[in-house]
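Residue numbers (UniProt numbering): 1 to 93. Backbone N, C-alpha and C define an ideal beta-carbon position, used for all residues, glycine too. One structure is given below, encoded as structure tokens.
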């Protein structure tokens with residue numbers, strides 16, 4: 001019996017599978033951290049705008065999300081979290 005198509009070497013397949021698994025774990029970690037952030041903000045009664053929610057959901061930097069979680073423990077407003085969520089002064093026209 002003859003195989004048709006290209007056969008990838010097993011070590012390459014293993015590396016690809018390991019990489020995909022690691023990426024999945026990283027995404028799961030970020031998703032969990034983001035969920036924790038939303039829970040802390042909700043528990044504190046902090047209102048989250050749609051733009052802020054989108055910014056939080058699109059963040060892929062675990063260190064940034066961790067900073068937001070720490071700051072959320074004492075935040076009164078989502079802008080208190082800092083980083084890209086901080087309120088910027090209006091630009092001059």
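Asked	Found
Contacts around residue 69, its chain only, beta-carbon distance under 8 Å, and the 5 residues preceding and following it disregarded	33, 36, 37, 40
Top-ranked residue by Cα proximity to residue 62, from 15, 29, 78, 85	29
Nonlocal neighbours in the same chain, by C-beta distance under 7 Å from residue 48, ignoring five residues either side	41, 78
Neighbour-count burial assignment, residue 22, 16 or more Cβ in a 10 Å radius	exposed
Assigned exposure category for residue 72 - 16 Cβ within 10 Å defines buried	buried
CB contact flag (residue 67, residue 82, <9 Å)	yes
Reduced DSSP secondary structure (H/G/I, E/B, other) of residue 85	helix
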